[in-house]
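Report on the following structure.
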Amino acid sequence: MRKVLCLLGVLWAGVISAAVFERFLDPNVPRDRAILGYLQLEKEGKATSNDLAELAVLLVEKGFPQDGETYLRKALKLDKKNVQARYRLGLVLQRLGRDGAAAREYKKVIKARPGFAEAQFMLGLALERSGHRRAAIKAYAKAYKHNPALADAAKNPLVLDSKLQTQAQLLRYRREVA
1 MRKVLCLLGV
11 LWAGVISAAV
21 FERFLDPNVP
31 RDRAILGYLQ
41 LEKEGKATSN
51 DLAELAVLLV
61 EKGFPQDGET
71 YLRKALKLDK
81 KNVQARYRLG
91 LVLQRLGRDG
101 AAAREYKKVI
111 KARPGFAEAQ
121 FMLGLALERS
131 GHRRAAIKAY
141 AKAYKHNPAL
151 ADAAKNPLVL
161 DSKLQTQAQL
171 LRYRREVA
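Each residue of the sequence shown is one higher than the one before, starting from 1 at the first, in the UniProt record's numbering.
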């Protein structure tokens, strides 16, 4: 009985959630019009993995990160190899404070695209926030190897959120010079 009630609660929450963000959409606003267009594609069963990923980004920008996560997961169900959707899912999870889950998504992205420096940097940030200092330092060093500009706060303000930048730069230096 409890399982049935729990399942009904989850289903009801999903219905309410979908209805919530749709109430805030105005067809006269270009971004909202785009969201409505993607929703229509999904209702017709014509939405691609990239369409759902774009819808998710628009929802996150509109202030609905949980709904964005839902649509990114739907995008990945359609195409498990959609690296951009997986990277964006990591960003959304990190925004929601779920750094461990975000780190798992970033690792999958890096496995598919080893030179993806931004994913490597965000992995470092997620690992640092999760308390995995050594792994974070290694991830930062790899990110800077592929894209040194990520270490520049003028180009990547997220560097300022990290307390491990000196150690990451030292590790990078040791690997490249020594």
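Beta carbons: idealized from backbone N, C-alpha and C, even for Gly.
Can you look up residue i in the DSSP assignment and give me helix, strand or coil?
| i | result |
| --- | --- |
| Leu-7 | Residue confidence is low: Leu-7 scores 47 on pLDDT, short of 50, so the model does not pin down where it sits. Its coordinate-derived value is still stated next. Leu-7: helix per DSSP, three-state reduction. |
| Phe-121 | helix |
| Arg-98 | coil |
| Pro-157 | helix |
| His-146 | helix |
| Gly-63 | coil |
| Leu-170 | helix |
| Asp-51 | helix |
| Arg-113 | coil |
| Glu-176 | helix |
| Phe-21 | helix |
| Glu-44 | coil |
| Val-83 | helix |
Count the other C-beta atoms from every protein chain shown that fall within 10 angstroms of the C-beta of residue i, then say buried if there are 16 or more, exposed otherwise.
| i | result |
| --- | --- |
| residue 183 | In the structure as shown, the chain begins at 1 and stops at 178. Residue 183 is therefore absent and cannot be evaluated. |
| Asn-82 | buried |
| Thr-166 | exposed |
| Glu-105 | buried |
| Leu-5 | Below a pLDDT of 50, predicted positions are generally treated as unreliable, and Leu-5, at 49, falls in that range; no measurement from the model is reported. |
| Thr-48 | exposed |
| Val-10 | Residue placement at Val-10 is poorly supported in this model, since its pLDDT is 46, which falls under 50; the coordinates are not used for a value here. |
| Glu-54 | buried |
| Arg-175 | exposed |
| Lys-138 | buried |
Does the beta carbon of residue i fall short of 6 angstroms from some heavy atom of the ligand SAH?
| i | result |
| --- | --- |
| Asn-28 | Absence of the ligand SAH is noted for the structure shown, with no ligands found whatsoever. |
Does the Cβ-Cβ distance between residue i and residue j come in under 7 angstroms?
| i | j | result |
| --- | --- | --- |
| Ala-143 | Phe-121 | yes |
| Ile-110 | Ala-103 | no |
| Tyr-140 | Ala-168 | yes |
Segment contact, 8 angstroms Cβ cut-off, at least three pairs: the stretch 85 to 98 with the stretch 47 to 67: yes
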